[in-house]
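Q: In terms of this note's numbering, the sequence shown is numbered consecutively and its last residue is 1385. Let me begin by handing over the structure; questions about it come next.
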Amino acid sequence: MADIMKLLQQAQEMQGRMQQMQGELEQKSVTAASGGGMVTVEADGKGQLRRIKIDPSIVSAADVEMLEDLILVAVAEVQKKAATLAQEELGKLTGGMNLPFKLPF
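What follows is the structure, encoded as C-alpha cells:
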C-alpha cells in the first residue's frame, strides 16, 4: 500500500511540474522567418502566435499568393520550433525518458 501512495505522490509532483513548465513555455519565445527575412513570425513556447512582421517591400496586390505562401512557411516553422522547445523542456522534466504521448499544448 505504501508503494501505491508513493506512486500517487510522485504523479502529483509530476503534474505540478508539468503545470509549471507550461507556464514557463508561455513566457518563452521562438521566431522563424521566410523569404530571406521578409516575413518573420514570433510565437510563445506553446506555439501560440504573438506577432507577424511583414516587410512592406513584398506587399503587392499583384502577388498576394506569394505573400500567403511566405506567411504559411514562417508560421509552420515557428510552430515546429515551439514543439521542439516543448519537447526539450519535457525531456528535462522527465530526465530524458522518451514518453509515448504528445504534450497537450
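Think of the CB as a built atom: it goes at the ideal place given N, C-alpha and C, for glycine as much as any other residue.
(1) Between Asp1335, Gln1295, Gln1289, Lys1308, which lies nearest to Ala1366 when the distance is taken from Cα to Cα?
(2) DSSP three-state label for Asp1283, please.
(3) How far does the beta strand (DSSP E) with Asp1324 in it reach, from first residue to last?
(4) Tell me whether Thr1374 is buried or exposed, calling it buried when 16 or more other Cβ atoms sit within 10 Å of its Cβ.
(5) Ordered along the chain, which non-local residues of its own chain (more than five positions away) have a Cβ less than 6 Å from that of Lys1333?
(6) Quick check on the DSSP output: the beta strand (DSSP E) that includes Ile1334 runs from which residue to which?
A: Let me spell this out:
(1) One-based indexing of the sequence shown puts residue 1366 at position 86. Ranked by how close their Cα comes to the Cα of Ala1366, the residues Asp1335, Gln1295, Gln1289, Lys1308 have Lys1308 in first place.
(2) Walking along the sequence shown from the start, residue 1283 turns up at place 3. Reduced to three states, the DSSP call for Asp1283 is helix.
(3) Counted from its first residue, the sequence shown places residue 1324 at position 44. Run containing Asp1324: 1319 to 1324, per the beta strand (DSSP E) assignment.
(4) Position 94 of the sequence shown, counted from the start, is the residue given in the question as residue 1374. So Thr1374 counts as exposed.
(5) Start at 1 with the first residue of the sequence shown, and residue 1333 comes out as number 53. Leaving aside the five residues that flank Lys1333 on each side, the residues in its chain whose CB is nearer than 6 Å to its CB run, in chain order, Thr1320.
(6) Here residue 1334 refers to the residue found at position 54 when the sequence shown is read from its first residue. First-last of the beta strand (DSSP E) with Ile1334: 1329 to 1334.
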